[in-house]
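**Q** Position 94, counted from 1, in the sequence shown is what the UniProt record's numbering calls 94; the numbers after and before it change by one each time, with no gaps.
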Amino acid sequence: MGTPFKEESLNSIMKYMDPNCRLLLNQKCSALKTLEKSTPLKIDYLHINSSFLQINTTTYKLGVVRQYTAGDPPQWVHQNNLQGGVDHDLSPFGECGMTQKDHESIGIGEHDIQELKRLERKLKDLERLPTFVRIKVGHTENYEIRERLKRLQDRLATSRARYFTCVRLTVTSQLTGVTLEHVTYNQGFRNFLEYFFKKILEGRRIRVKTLHVDHDVQRWNMNNMLTPKSLEIRRLKIDRNTDQIWECVRSWLIEEHGQLELLKV
1 MGTPFKEESL NSIMKYMDPN CRLLLNQKCS ALKTLEKSTP LKIDYLHINS SFLQINTTTY
61 KLGVVRQYTA GDPPQWVHQN NLQGGVDHDL SPFGECGMTQ KDHESIGIGE HDIQELKRLE
121 RKLKDLERLP TFVRIKVGHT ENYEIRERLK RLQDRLATSR ARYFTCVRLT VTSQLTGVTL
181 EHVTYNQGFR NFLEYFFKKI LEGRRIRVKT LHVDHDVQRW NMNNMLTPKS LEIRRLKIDR
241 NTDQIWECVR SWLIEEHGQL ELLKV
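(1) By DSSP's criteria, Lys237 is part of a beta bridge. Which residues make up the other side?
(2) Between Val167 and Asp125, what straight-line distance do the alpha-carbon atoms span, to the nearest angstrom?
(3) In chain order, what residues of the same chain lie with their CB nearer than 8 Å to the CB of Phe132, ignoring the 5 residues before and after it?
(4) Check Tyr185 in the structure and name its three-state DSSP category.
(5) Three Cβ pairs or more, each shorter than 8 Å: is that satisfied between the stretch 17-25 and the stretch 55-75?
(6) Between Phe52 and chain B, is the shortest Cβ-Cβ distance under 9 Å, so that the two count as touching?
(7) Under 8 Å by Cβ, that's how I've got Leu46 and Leu211 pegged, so tell me the actual separation to the nearest angstrom.
(8) Can you tell me which of Lys28, Asp44 and Lys33 puts its alpha carbon nearest to the alpha carbon of residue 283?
(9) Looking only at its chain, what residues have a beta carbon closer than 8 Å to the beta carbon of Asn49, apart from the 5 residues adjacent to it on each side?
(10) For Asp125, which three-state DSSP category applies?
(11) Let me know the alpha helix (DSSP H) ranges lying completely inside the stretch 29-85, each 4 residues or longer, listed in chain order.
(12) Thinking Val178 and Thr170 are a contact (beta carbons under 8 Å), I'd like their distance in whole angstroms, please.
(13) Could you say which of Met225, Cys248 and Ile206 lies nearest to Leu231 if we only look at CA atoms?
(14) From Leu32 to Ser38, what does the alpha carbon distance come to, in whole angstroms?
(15) Excluding sequence positions up to five away, which residues of its chain have a Cβ less than 7 Å from the Cβ of Arg190?
(16) Can you tell me whether Cys248 is buried or exposed, with buried defined as 16 or more other CB within 10 angstroms of its CB?
(17) If you run the structure through DSSP and keep just helix, strand and coil, what is Phe164?
(18) Out of curiosity, what's the CA-to-CA distance linking Ile203 and Ile245?
(19) On a Cα-Cα basis, can you pick out the residue from Pro40, Arg235 and Lys6 that is closest to Ile200?
(20) Could you say which of Tyr163, Leu226 and Glu181 lies nearest to Gln67 if we only look at CA atoms?
(21) Is it true that the CB of Phe197 sits closer than 9 Å to the CB of Gly35?
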């Protein structure tokens with residue numbers, strides 16, 4: 001059996017190890033957690049978005065996906081899943097802004113089925129109208145009915161399908177390709193996002209050559225997500241609303257987070 005590394009040697013190795021390898025090491029080797037986290041994390045490129053983090057060439061994306069246990073998913077579900085999921089809570093019918101608790105209280109009832117039949121009859125009546133009447137009177141109403149019909153048909157199809165909702169972590173790396181992990185979805189998406197950001201950033205001393213912040217981070221109150229112990233930035237990149245975005249980031253780091261010992265830009 002070989003001689004184990006001394007702490008000084010391990011510390012030196014940590015300083016020059018790829019940051020993504022260090023994050024993986026932190027998760028897999030509990031004996032090195034404290035040492036790994038106490039060593040400054042050097043990152044060439046850190047990109048912060050409302051649903052993902054990119055560290056150098058590796059991207060960690062969170063999204064809400066729906067997995068069907070029988071039959072093919074609707075096309076809109078398939079497209080969302082291909083893109084790694086959506087960055088908001090979903091109702092059973094694909095509507096945003098709803099939590100899992102809300103899901104259980106919504107279904108399609110007899111009233112919806114009767115409305116579906118009524119709209120189908122009305123659409124047929126409109127299509128029997130003379131051409132000039134259809135164009136002048138029926139065009140707008142025709143379109144609106146078709147849209148309402150489509151929504152109801154989607155809801156009806158979805159209510160009969162067997163599926164479950166979960167949060168997907170998609171890790172995309174030049175070295176390892178794409179890996180997927182799934183977690184049972186039993187709380188709001190923002191809670192997952194907060195846990196994920198804190199898991200990577202909380203309590204660390206971080207040195208970044210380029211920090212890229214997307215404008216859409218304003219969607220979330222990130223004062224509980226951006227929680228490093230110290231943050232040194234050589235170059236800051238913000239796509240739009242530069243002053244406004246930076247002021248948000250600065251307030252999240254300084255005003256809301258008393259643990260921060262150093263912010264240097």
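Idealized CB from N, CA, C, for every residue including glycine.
**A** Reading off the structure:
(1) His212
(2) 44 Å
(3) Caution applies to Phe132, whose pLDDT of 40 falls short of 50 and renders its modelled position unreliable; the model cannot decide the point.
(4) coil
(5) yes
(6) Among the protein chains of the structure shown there is no chain B, as only one such chain exists.
(7) 5 Å
(8) Outside the shown range of the chain (1 to 265) lies residue 283, about which nothing can therefore be said.
(9) Asp214, Asp216 and Val217
(10) helix
(11) 33-38 and 75-82
(12) 7 Å
(13) Ile206
(14) 10 Å
(15) Trp220
(16) buried
(17) strand
(18) One point to set straight first is that residue 203 is Gly, not Ile, in the sequence displayed. Roughly 23 Å separates the two Cα atoms.
(19) Pro40
(20) Tyr163
(21) First, the residue type needs correcting, since residue 35 is Leu and not Gly in the sequence shown. It is not a contact, given that the beta carbons lie outside the stated cut-off.
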